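In what follows, a structure is listed as structure tokens, so that the remarks can point back to it.
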Amino acid sequence: MISQLVSLWKVFLHLFASNETVQYPSKKKWWWSKPTKVMPYLAPRYRGRIILTRDPDGEERCVACNLCAVVCPVDCIALQKTEDENGRWYPEFFRINFSRCIMCGMCEEACPTYAIQLTPDFEICEYDRNNLVYEKEHLLINGVGKYPDYSFWQVAGKTIFGKNKGEAQNESPPEDVRSLLP
Amino acid sequence: MATIVVDGVEFEVDEGQNLLHACLSQGLELPYFCWHPSLGSVGACRQCAVIQYADADDTRGRLTMACMTPAKDGTRISIQTETAKQFRASVIEWLMENHPHDCPVCEEGGECHLQDMTVMTGHTQRRYRGRKRTFENQYLGPFLNHEMNRCITCYRCVRFYNDYAGGTDLQVFGSRDRMYFGRTTDGVLENEFSGNLIEVCPTGVFTDKPFSESYTRKWDLSSAPSICAGCAVGCNTFVSERYGRLKRVHNRYHGELNGYFLCDRGRFGAGFVNSTDRIEHVGERVEDDFFDVLDVEVGIAKLAEMIRQGDVVGIGSPRASLETNVALKTLVGEAQFCTGMSSAEESLVDLIIQTQRATSADIPSLSDVESADAVLILGEDVLNTAPRVALALRQTVRNRALNLAGEAGIPQWQDAGVSSHAQGRLNPLFIASVLPSGIDDIAADLLHDVPLNLADCGFAIAACIGEATGSEPDFVRKAAAALRSAQNPLIVSGTSTRTRAIVEAAGAVVAALESAGKVPRLLLVAPEANSFGSGLIGGGLDMNTALQRVASGSTKTLIVAENDIFRRAERERVEQALCTVENLVVLDSLDTPTASLAGLVFPAATFAESTGTFVNYETRAQRFYCVFEPRHEIAPSWRWLAQAATDAGRDDLGWTHVDDVLEAVAASPNMAGVRAVAPDAGYLGSSLCKTPRETPRFSGRTAMNANVNIHEPKTSVDEETPLSFSMEGLNRDQPSALLPFVWAPGWNSNQSVFKFQQEVGGAAAGGDPGVRLLASGSIGTMPARSASVRSDRGGVDTGFRLIPVQAIFGSDELSSRSPPVVERSSAAFMIFSPMDAERLGATQGMGVSCSVLGATFAVTVDAAMKSGYVGVSVGFTGAEGELPDGLIGLAVDPNYRPTPNPHDRVIARG
Ligand code: SF4
Ligand code: SF4
Ligand code: SF4
Ligand code: SF4
Ligand code: FES
Chain A
1 MISQLVSLWK VFLHLFASNE TVQYPSKKKW WWSKPTKVMP YLAPRYRGRI
51 ILTRDPDGEE RCVACNLCAV VCPVDCIALQ KTEDENGRWY PEFFRINFSR
101 CIMCGMCEEA CPTYAIQLTP DFEICEYDRN NLVYEKEHLL INGVGKYPDY
151 SFWQVAGKTI FGKNKGEAQN ESPPEDVRSL LP
Chain B
1001 MATIVVDGVE FEVDEGQNLL HACLSQGLEL PYFCWHPSLG SVGACRQCAV
1051 IQYADADDTR GRLTMACMTP AKDGTRISIQ TETAKQFRAS VIEWLMENHP
1101 HDCPVCEEGG ECHLQDMTVM TGHTQRRYRG RKRTFENQYL GPFLNHEMNR
1151 CITCYRCVRF YNDYAGGTDL QVFGSRDRMY FGRTTDGVLE NEFSGNLIEV
1201 CPTGVFTDKP FSESYTRKWD LSSAPSICAG CAVGCNTFVS ERYGRLKRVH
1251 NRYHGELNGY FLCDRGRFGA GFVNSTDRIE HVGERVEDDF FDVLDVEVGI
1301 AKLAEMIRQG DVVGIGSPRA SLETNVALKT LVGEAQFCTG MSSAEESLVD
1351 LIIQTQRATS ADIPSLSDVE SADAVLILGE DVLNTAPRVA LALRQTVRNR
1401 ALNLAGEAGI PQWQDAGVSS HAQGRLNPLF IASVLPSGID DIAADLLHDV
1451 PLNLADCGFA IAACIGEATG SEPDFVRKAA AALRSAQNPL IVSGTSTRTR
1501 AIVEAAGAVV AALESAGKVP RLLLVAPEAN SFGSGLIGGG LDMNTALQRV
1551 ASGSTKTLIV AENDIFRRAE RERVEQALCT VENLVVLDSL DTPTASLAGL
1601 VFPAATFAES TGTFVNYETR AQRFYCVFEP RHEIAPSWRW LAQAATDAGR
1651 DDLGWTHVDD VLEAVAASPN MAGVRAVAPD AGYLGSSLCK TPRETPRFSG
1701 RTAMNANVNI HEPKTSVDEE TPLSFSMEGL NRDQPSALLP FVWAPGWNSN
1751 QSVFKFQQEV GGAAAGGDPG VRLLASGSIG TMPARSASVR SDRGGVDTGF
1801 RLIPVQAIFG SDELSSRSPP VVERSSAAFM IFSPMDAERL GATQGMGVSC
1851 SVLGATFAVT VDAAMKSGYV GVSVGFTGAE GELPDGLIGL AVDPNYRPTP
1901 NPHDRVIARG
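Chains A and B, in that order, give the protein sequences.
Under my numbering, the first residue of the first sequence is numbered 1, with each subsequent residue one higher.
Under my numbering, the first residue of the second sequence is numbered 1001, with each subsequent residue one higher.
Shown next as structure tokens:
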């Protein structure tokens, strides 16, 4: 009985609490005032428009491994692998069809290189669906995004320009296979 | 049969197997690496550990390697017990200590046996904090990538490459945890079967280089069952595509034919499908080498008009499907149809068919070849003309070890035991050939001579099998004795020297063995994927008569289907014919010299874009399925012909589907069996859907075409085949001819093939595909020895006699237009005897020009070549067609500069 009364009282108090819901995109302070633009706080891990980021060394992070594409529940990512003359993999094209994307963030979770990241930008509406097809040039930014330090190529053993065998993290120099020492 | 108990459940298994083999055959999941059904067990990886119990009361048991333990009656083991599981998990953990962790940039990723086994054993967290040992990689040529850090030292690569395929340039180096699998120095892996390392290696050490260039994960490939178009063996393949581009060719297991392995011509020779030389539109020639694109309707109307006017000669092709050949034959009528083989080739293929019919000797499948115990190769260079046969012959010879092991009670899968017991003893293989070949190392005896002498040798062997006079040469006597004393003697020969007498001699040896009470087998090789199909269809005109008839001006229209006539007869003859005829219509996939002379060209689909049937050397009809829909106006040749004929008012070519054409094929003589090769387009699997070409994890469907059209197109419905262009449906329980890829839950790699076999390493589930069209068995008479005209040998002053020499990379028309094969093949060459070379003043590396052939050839000197004769690389520039008879003058070409060998370049390590 008491607890019910307490609940009723709490509900009553909420009548005077400030709104969590933000009037978006604009709000009037008073009924006579002009509407002003409102941008609610969005956490860095908010799942909005997708970007492709770069390594700390400024090169493309994406290695065209296709994991984001296969994990995508609506299959809206398509890409093709190619490589530079030193064997570094990167996507020849990378396409996201945002008119299909459900912003689930699975691609970001699957990505082994932190290349693909969701950002707090949700304002990507278009009148024409065709404009929701983003190619690599629309996705790739000049920065590292949320994970400033990670560099996949310094962890993985494959050679790229500027990193030979034995120079990745935790690697010893290449073996001399002709050595007969035990 | 033995009863074994696994985790308390009884299973009936084959006693001759090891426990791993038996468990996998029963559908149990047991991880493994080093064991391979074709390579046996060596116990190198320790991954297949199980606990074996002495009896029902034993609760502790002991750890054993399943692959090294026979499946004896009453064996009790546990796969699931905690100790066994823990042991297997730690094995993986050890193997992964030095692993480079680069799955995202590894071509094996997504179809990696190491990934699968890691997941299966449950090793998920890396605990080892030490440094990883690393290796430098090597440049291995245009076919393979090398990434040694991924190796888990299972030894499969060297066991396949050296023991199974007879390679010599891949070794294992180093000691302890520094084992290195590679060559002594960077360079091209030379063995003709090197591509199989891609599938044999359970990790990403050896990966497919051309595939990697435009790489796609296995889950994103859409694939179809296909037949290799590289030679008359007809190996079964999976062909895969994405974004309308052919990506790769993989082995499709066939228990009787290719088993687990393909040759490199087949695996890397399909790149011509993506060629920029593809004909994509209907074209009309306006001036030399310049074509106007025509509307499809206009093109068909023009062809229809020509058909209506009559006087049409049709030339088919041994590289085109049965369907296309029968369509053209129906259109022009038997009397005006030429199979498209050169006259010499056709008469040989006819001879082969006549011989195979007349003898009661069976045509062996490749698994039959492997079970032979004495072999005579007469005049055929199988390693270069039917490569997979050579690999099978290597096993024939090695299988002596299996027989000896069987007598000594050593299990057949005990690889080390079997080979050390045999002490190098081999089944006898006798090779009588023009030149040394890559399988000479396993021959009991060799004879190198010119073709007619080889034929004589064959007849002498036949005589000696009947009755030895004692005065025979050594080779003849030994070969005859070996064949006589064998249980399953095998004779191999073929058309590559273009010598009738050689095939006749092979027939004579078989006949002699038969009359000596033996049950011999006879394998006769023809040059192309559908040579036997063309031979069985037959035509009223042979190539020379057809060309003569056309050149005489009595023919209004010549229709050539998927054939480059310049490869089928001497140049002048062809030019004369093609330039005389009023209308030359060519249907082809690639731009060829013939196509560039055509008045009207139609773009023909390749094997990857169309569905059809090839007949292999066993006369086994096999269906290949279109992998992707052809781009632009490309269509199967039979469709162009049928449409034009229908437009012209013909009612006997009213075909709309490939199944309709197949009915027409089946109605022709010898061809009744083709209907049974595979189900028709209406076939639905157990899911009541067509069989999907795409894997269940195919990605990117809503983005692939979004740049062109934001509205996803409706999946195109495949009305031609029982396969669909989607991921809908089940890849399960369908006839084996319809298997588009192998994949099973938990088994993403090609090791999952055992889920599609009746038992591991046995026949494909549902039976091995294909139907043999010819039953051998005493139909007609054995062709008698024809009187062969002996001609004198040539010389430097009189000119030389030319002998055709085949090369695995370069002699075949289509594969030699695939970029990696081009990179691997040499320039056109001529082989001289040392004496002739000296007299001519030529040394290795110089060039000789031949005015008759109008080309220059690189000089090779070979001591086995007979003086007065010259071996010429056929199929190469300058020697595309039949070689001229007679004495041909040659001279050193002072201006010749050898084309730099691309393999001399050593790529920077890394
Ligand atoms: S998962 Fe990451 S690295 Fe892989 S393709 Fe997608 S964005 Fe690129
Ligand atoms: S070999 Fe397998 S486990 Fe190793 S990197 Fe390649 S995909 Fe990954
Ligand atoms: S290279 Fe591959 S096949 Fe050879 S030992 Fe290593 S993992 Fe095994
Ligand atoms: S042996 Fe012939 S059919 Fe088999 S893969 Fe090689 S070229 Fe193709
Ligand atoms: S598979 Fe048994 S030890 Fe390797």
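Glycine included, every Cβ here is placed at the ideal spot set by N, Cα and C.
Owing to the predicted nature of the structure, the values given are computational and were not obtained by experimental measurement.
- May I ask whether a heavy atom of ligand 5 can be found less than 7 Å away from the beta carbon of residue 1156 of chain B? Residue 1156 of chain B sits at position 156 when you count from the first residue of the second sequence. Checking every heavy atom of ligand 5 against the Cβ of residue 1156 of chain B, none is found closer than 7 Å.
- Message: Against chain B, with Cβ distances strictly below 8 Å, would residue 75 of chain A count as a contact?
- Response: Position 75 of the first sequence, counting from 1, holds the residue named residue 75 of chain A. Cβ-Cβ to chain B under 8 Å: yes for residue 75 of chain A.
- Query: First and last residue of the alpha helix (DSSP H) that includes residue 1811 of chain B?
  - Reply: Position 811 of the second sequence, counting from 1, holds the residue named residue 1811 of chain B. Here residue 1811 of chain B belongs to no alpha helix (DSSP H), and DSSP marks it neither H nor E.
- Query: Rounded C-beta distance between residue 960 of chain B and residue 1631 of chain B? I'm assuming under 8 Å.
  - Reply: This structure does not reach residue 960 of chain B, given that chain B is present from 1001 up to 1910, and the question cannot be answered.
- Message: What does the Cβ neighbour count give for residue 1622 of chain B, buried or exposed, with the cut at 16 atoms within 10 Å?
- Response: Position 622 of the second sequence, counted from the start, is the residue given in the question as residue 1622 of chain B. So residue 1622 of chain B counts as buried.
- Message: My assumption, with CB atoms under 8 Å, is that residue 1774 of chain B sits in contact with residue 1357 of chain B. Please give the rounded CB distance.
- Response: Position 774 of the second sequence, counted from the first residue, corresponds to residue 1774 of chain B. Position 357 of the second sequence, counted from the first residue, corresponds to residue 1357 of chain B. 7 Å between Cβ atoms; contact.
- Could you tell me the boundaries of the beta strand (DSSP E) in which residue 1171 of chain B lies? Position 171 of the second sequence, counted from the start, is the residue given in the question as residue 1171 of chain B. Run containing residue 1171 of chain B: 1171 to 1173, per the beta strand (DSSP E) assignment.
- Does any C-beta atom of chain A lie closer than 8 Å to the C-beta of residue 1907 of chain B? Position 907 of the second sequence, counted from the start, is the residue given in the question as residue 1907 of chain B. Low per-residue confidence applies at residue 1907 of chain B: pLDDT is 40, beneath 50, and the placement is therefore not dependable enough to give any value.
- Message: Closest to residue 84 of chain A by C-alpha separation, out of B:1313, B:1089 and B:1105, would be which residue?
- Response: For the purposes of this step, residue 84 of chain A is taken as residue 84 along the first sequence, with counting starting at 1. Taking only the C-alpha atoms, the option nearest residue 84 of chain A is B:1105.
- Message: In this structure, how does DSSP classify residue 1451 of chain B when only helix, strand and coil are distinguished?
- Response: The sequence position of residue 1451 of chain B within the second sequence is 451, counting from 1. Helix at residue 1451 of chain B.
- Message: My assumption, with CB atoms under 8 Å, is that residue 1562 of chain B sits in contact with residue 1175 of chain B. Please give the rounded CB distance.
- Response: The count along the second sequence starts at 1 and reaches residue 1562 of chain B at position 562. The count along the second sequence starts at 1 and reaches residue 1175 of chain B at position 175. That pair is no contact at about 55 Å.
- Query: Are there 16 or more other CB atoms within 10 angstroms of the CB of residue 182 of chain A, so buried, or fewer, so exposed?
  - Reply: Locating residue 182 of chain A in the first sequence gives position 182, counting from the first residue. Label assigned to residue 182 of chain A: exposed.
- Message: For residue 49 of chain A, would you say it is in contact with chain D, using Cβ-to-Cβ distances shorter than 8 Å as the test?
- Response: Looking at the structure shown, chain D is missing, and the protein chains on hand are A and B.
- Item | Enclosing alpha helix (DSSP H) for residue 1351 of chain B [first to last residue] | Numbered from its first residue, the second sequence carries residue 1351 of chain B at position 351. 1343 to 1358 is the span of the alpha helix (DSSP H), which, as asked, contains residue 1351 of chain B.
- Query: Going by other Cβ atoms of all chains shown within 10 Å of its Cβ, with 16 needed for buried, is residue 2 of chain A buried or exposed?
  - Reply: Working through the first sequence from its first residue, we reach residue 2 of chain A at position 2. The residue in question, residue 2 of chain A, is exposed, as its Cβ has fewer than 16 Cβ neighbours within 10 Å.
- Task: Sort out for me which residues DSSP pairs residue 1134 of chain B with in a bridge.
- Result: To locate residue 1134 of chain B, count along the second sequence from 1; it is residue 134. Partner(s): A:174.
- Task: May I have all residues whose beta carbon comes closer than 6 Å to any heavy atom of ligand 2, sorted in chain order?
- Result: B:1099, B:1102, B:1103, B:1106, B:1108, B:1109, B:1112, B:1114, B:1115, B:1150, B:1203 and B:1204
- Taking residue 96 of chain A as the query, report the chain B residues whose CB atoms sit under 7 Å from its CB, ordered along the chain. In the first sequence, residue 96 of chain A corresponds to position 96, counting from 1. By Cβ distance, chain B contributes 1703.
- Item | Close-in-space but distant-in-sequence residues of the same chain around residue 89 of chain A (CB under 7 Å, 5 per side omitted) | Here residue 89 of chain A refers to the residue found at position 89 of the first sequence. Same-chain partners within the cutoff: 63, 64, 81 and 83.
- Message: Can you look up residue 1579 of chain B in the DSSP assignment and give me helix, strand or coil?
- Response: By 1-based counting over the second sequence, the position of residue 1579 of chain B is 579. Of the three classes helix, strand and coil, the one that applies to residue 1579 of chain B here is helix, per DSSP.
- Check whether the Cβ of residue 962 of chain B lies closer than 8 Å to any Cβ atom in chain A. No answer is possible for residue 962 of chain B: it lies beyond the span of chain B, which begins at 1001 and ends at 1910.
- In the structure shown, what three-state DSSP assignment does residue 1103 of chain B receive? The sequence position of residue 1103 of chain B within the second sequence is 103, counting from 1. Here residue 1103 of chain B sits in helix by DSSP.
- Meets three-Cβ-pair contact criterion under 8 Å: the stretch 1301 to 1316 of chain B and the stretch 1554 to 1571 of chain B: By the Cβ criterion, the stretch 1301 to 1316 of chain B is in contact with the stretch 1554 to 1571 of chain B, since at least three pairs of Cβ atoms, one from each stretch, lie closer than 8 Å.
- Residues of the stretch 107 to 119 of chain A with a CB closer than 8 Å to any CB of chain B: list them in chain order, please. 112 and 113
- Query: Taking just the CA atoms, how far does residue 1539 of chain B sit from residue 1634 of chain B?
  - Reply: Taking the second sequence and counting its residues from 1, the one referred to as residue 1634 of chain B is at position 634. Taking the second sequence and counting its residues from 1, the one referred to as residue 1539 of chain B is at position 539. Approximately 27 Å, taken between the alpha carbons.
- Proximal chain B residues relative to residue 171 of chain A, where beta-carbon distance stays under 7 Å: The residue given as residue 171 of chain A occupies position 171 in the first sequence. Counting only Cβ-Cβ distances below 7 Å, residue 171 of chain A has contacts in chain B at 1131, 1132 and 1134, in chain order.
- Message: Beta carbons nearer than 9 Å to chain A: which residues of the stretch 1220 to 1248 of chain B have them?
- Response: 1220, 1242 and 1243
- Message: Beta-carbon within less than 8 Å of residue 1705 of chain B's beta-carbon, same chain only, minus the 5 sequence neighbours each way: which residues are those?
- Response: For this step, residue 1705 of chain B is matched to residue 705 along the second sequence. Hits under 8 Å: 1712 and 1713.
- Quick one, which residues of the stretch 1725 to 1749 of chain B are near chain A if we go by CB-CB under 8 Å, in chain order? none
- Message: For residue 1804 of chain B, list the residues DSSP reports as bridge partners.
- Response: Counted from its first residue, the second sequence places residue 1804 of chain B at position 804. Residue 1804 of chain B is bridged to B:1872.
- Of the listed residues B:1380, B:1763 and B:1299, nearest to residue 1807 of chain B (C-alpha basis): Against the second sequence, residue 1807 of chain B aligns to sequence position 807. Ranking the options by Cα distance to residue 1807 of chain B, first place goes to B:1380.
- So, residue 1321 of chain B versus residue 1613 of chain B, is the Cβ gap smaller than 8 Å? As a working note, residue 1321 of chain B is residue 321 in the second sequence. As a working note, residue 1613 of chain B is residue 613 in the second sequence. Yes.
- Task: Would you decide whether residue 1881 of chain B is buried or exposed? Buried here means 16 or more other CB atoms lie within 10 Å of its CB.
- Result: As a working mapping, residue 1881 of chain B is identified with position 881 in the second sequence. Residue 1881 of chain B comes out buried.
- Query: Is the stretch 1792 to 1804 of chain B close to the stretch 1515 to 1525 of chain B, with three or more CB pairs under 8 Å?
  - Reply: Between the stretch 1792 to 1804 of chain B and the stretch 1515 to 1525 of chain B, the count of C-beta pairs closer than 8 Å stays below three; the two stretches do not touch.
- Query: In its own chain, which residues sit with a C-beta less than 6 Å from the C-beta of residue 1050 of chain B, not counting the 5 before and 5 after it?
  - Reply: As a first step, residue 1050 of chain B must be located in the second sequence, where it is residue number 50. Result list for residue 1050 of chain B: 1066, 1077, 1079 and 1084, in chain order.
- Proximity to residue 1061 of chain B [Cα-Cα], best of B:1075, B:1071 and B:1068: As a working mapping, residue 1061 of chain B is identified with position 61 in the second sequence. For residue 1061 of chain B, the nearest C-alpha among the options comes from B:1075.
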